[in-house]
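Residue numbers (the working numbering): 148 to 879.
All remarks here apply to the structure that follows.
Right, here's the structure in full:
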């Protein structure tokens, strides 16, 4: 057991006496024997009833082996292992199917049925053991938790139905069908009344008796009392009851068949191969039940189970089970809790439970001959009704309507076509339901246009106004989540609605920066999207594509002249803005206007020009660095500057770019704080600087020019604030 689990053990786990552990283990062995006989009767029922002694030995071997191995290897020291109702219900269906197939197989005799069935049970244990151990060794126990909850609920409810169906088969020897229900009327009351007494006592006792350890013994005791009292009233002897099938026959070790001693010539491997999918189902069911049982035991007893270790322990137990001819077994929640509450806190309690079963098999086999079948049918009824109540009825409150409907659907398919078909259909239906539900979740995280979102390029007031005026030409969306055919189709429908508007956009921008992934099915939707844009003369701009997504769309033939691809949304928006500005003010051979003329009088502009200091910057040259004094403001006449923040690990984070006819560095000038970022020329650029001393001299000597300068800076800041406000408003 890992260190964490050890530290969580209660004091009683460290101080418990050997006698208390052995006593608790022997009590658990009594309950284990009852369950083992019940599962044997379930699996070897109907046409297999003549071989029930062989079935009893197979389940008792499982009790001894599983209890021993799990007691030694479990991360919860007092865990009890053995056969379980979930796997037994599936094995019962497999056994009846093999019996039916053998009856129709050519060249098969009655003598071939038992070796074939025992070989199939041993193989199911070996396959389950190998898969469980591999799952634990690869630390893959958490993978079981990916099984959809409705599928798990449907399987458990279907298991409940199989237990009820098995109980009917034990009582009547017939399968549970409408036409066979009348067979119940022909039963002796000793065959069904003790079963009802056990079931009713357990159902009521579980609600009114606070001590869980007393519930199962009281229920079994009630059934025994009703049965033997009925035998006395009818004057029936034990041999007569055994002849009528009301009591078990005492098993003999001479009926034990080890897998290696089975006559190979009598085993019909083709029949077994036809039921191979059920081996995988048994293994999956076992893994899921181990996960639930170990977690439940840990929660109830304040332990910290190692689920991978539990898988490995169950794997070893079933490998040994298969080698010795036992059925599938693993950790039991009810028997583990019973053992713990009876005083079992150490591995010796599980070993004592295994020893108790071994003593009965070797020394006291006649005790089994005194166990009424009807009492064990009552145990099956109780477990089956409990599963159906919990998963078919109570789960309605926990699930949505669509998810809940999967549960009765799975139960119906299990009843008609078996567990494999039911679980398979459930998984497929759950996947379809997930696709439908996820497809209704919008992958559009936010929408924007040219008015609400701009690039990080600082533009002149005139260009900013132009972009705001023509911002409706841009239709954009930031995407998130995972893209597949359903969500990609929703993007196509969204863009189609936007292009159908009276003022249709000229640019469609889709940002993939927050997309977790996309499958190949999305290529068709994006090809349709490109065709839709091409037909309307609209340019499709994709940004933030991962390398894998870009390669996928390239192979699909998405790229053409009306398609643009950029590494980031900022780069894509900058390109779109340049296209809009170029279309609004076509370039000419004349030099661009100064940009300041609209904000200064001629005299003030001439006075300002006289105090500005020009500076030519080469590409990559710093205008000023972070931490430098804020002693000047700069007008960008030509080229482009970028404001960036140096990163501790190297490189820089681009904050904003400044093109021609913009101003940079004004905030530090006004606050007199050091520069907060680097400003560097991207291309050869020309700037003109206004120093703090020159500005102060203007304020003293030419207040009108200084006032016009301050007014211009306010307009620049107001323009930036307007853009920021639009972005905030769009985000909300």
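Backbone N, C-alpha and C define an ideal beta-carbon position, used for all residues, glycine too.
Check, Outcome
"For the structure I just gave you, are there three or more beta carbon pairs, one from the region 238–258 and one from the region 179–193, closer than 8 angstroms?", "yes"
"Compare the Cα-Cα distances from residue 525 to each of 200, 804, 369 and 763 and report the closest residue.", "369"
"So which of 493, 199, 729 and 427 has the shortest CA-CA distance to residue 448?", "493"
"Please list, in chain order, all residues of the same chain as residue 352 whose beta carbon is under 8 angstroms from its beta carbon, the five residues on each side excluded.", "361, 362, 365 and 366"
"Who pairs with residue 882 in a beta bridge, going by DSSP?", "With the chain covering 148 to 879 only, the question about residue 882 has no answer from this structure."
"For the region 404–420 against the region 559–574, are there 3 or more C-beta pairs whose distance is under 8 angstroms?", "no"
"Tell me the rounded alpha-carbon separation between residue 233 and residue 395.", "23 angstroms"
"Does DSSP classify residue 297 as helix, strand or coil?", "helix"
"Have a look at 762, 373 and 647 and flag the residue whose alpha-carbon is nearest the alpha-carbon of residue 835.", "762"
"Would the region 644–662 and the region 612–625 be scored as touching if the rule is three or more Cβ pairs under 8 angstroms?", "yes"
"Of all the options 528, 783, 450 and 795, which has the alpha carbon lying nearest to the alpha carbon of residue 829?", "783"
"Rounded to whole angstroms, how far is the Cβ of residue 521 from the Cβ of residue 374, which I believe are closer than 8 angstroms?", "6 angstroms"
"Could you compute how far the alpha carbon of residue 642 sits from the alpha carbon of residue 594?", "11 angstroms"
"Go ahead and pull the three-state DSSP assignment for residue 618.", "helix"
"For residue 735, count neighbouring C-beta atoms within 10 Å of its own C-beta (all shown protein chains included) and say buried if the count is 16 or more, exposed if not.", "At residue 735, the pLDDT of 49 sits below 50, so the modelled position is not reliable; the number obtained from the coordinates is stated separately. Exposed is the call here."
"Residue ranges of each beta strand (DSSP E) run of no fewer than 3 residues wholly in the region 253–339, ordered along the chain?", "none"
"Would you say residue 304 and residue 532 are within 8 angstroms of each other, going by their C-beta atoms?", "no"
"For the structure I just gave you, are there three or more beta carbon pairs, one from the region 201–221 and one from the region 247–255, closer than 8 angstroms?", "no"
"Residue 793 lies in the alpha helix (DSSP H); which residues open and close that run?", "Segment 788–793 is the beta strand (DSSP E) holding residue 793; no alpha helix (DSSP H) there."
"How far does the alpha helix (DSSP H) with residue 758 in it reach, from first residue to last?", "749–758"
"Contact defined as beta carbons within less than 8 angstroms: I believe residue 507 pairs with residue 498. What is the distance between those atoms, to the nearest angstrom?", "That pair is no contact at about 15 angstroms."
"Whole angstroms are fine: how far does the CA of residue 808 sit from the CA of residue 765?", "18 angstroms"
"Assign residue 605 to one of three DSSP states: helix, strand, or coil.", "strand"
"With DSSP collapsed to three states, give me the class of residue 809.", "strand"
"Specify the secondary structure class of residue 153 as computed by DSSP and reduced to three states.", "The predicted position of residue 153 is uncertain, since its pLDDT is 36 and thus under 50; no value can be drawn from it."
"Helix, strand or coil: which one does DSSP assign to residue 737?", "Residue placement at residue 737 cannot be trusted, given a pLDDT of 45 that sits under 50; the coordinates are not used to answer."
"What first and last residue would you give for the beta strand (DSSP E) that runs through residue 832?", "832–838"
"Does the beta-carbon distance from residue 751 to residue 663 come in below 8 angstroms?", "no"
"Buried or exposed for residue 527, please, with buried defined as at least 16 other CB atoms from any protein chain shown within 10 angstroms of its CB.", "buried"
"I'd like to check one pair, residue 523 with residue 181: are the Cβ atoms closer than 8 angstroms?", "yes"
"For my contact list, residue 321 and residue 330 are in at a C-beta cut-off of 8 angstroms; report their separation, rounded to the angstrom.", "6 angstroms"
"Assuming residue 231 contacts residue 415 (C-beta within less than 8 angstroms), just tell me the rounded distance between them.", "Between residue 415 and residue 231 the Cβ distance is about 28 angstroms, and since that is not below 8 angstroms, they are no contact."
"Please list, in chain order, all residues of the same chain as residue 864 whose beta carbon is under 7 angstroms from its beta carbon, the five residues on each side excluded.", "none"
"Pull the bridge partners of residue 170 from the DSSP assignment, please.", "The partner list for residue 170 (beta bridge, DSSP) is empty, contrary to what the question assumes."
"Specify whether the region 275–289 and the region 423–437 touch according to this definition: at least 3 beta carbon pairs, one from each stretch, less than 8 angstroms apart.", "yes"
"Where does residue 382 land, buried or exposed, given buried means 16+ other C-beta within 10 angstroms?", "exposed"
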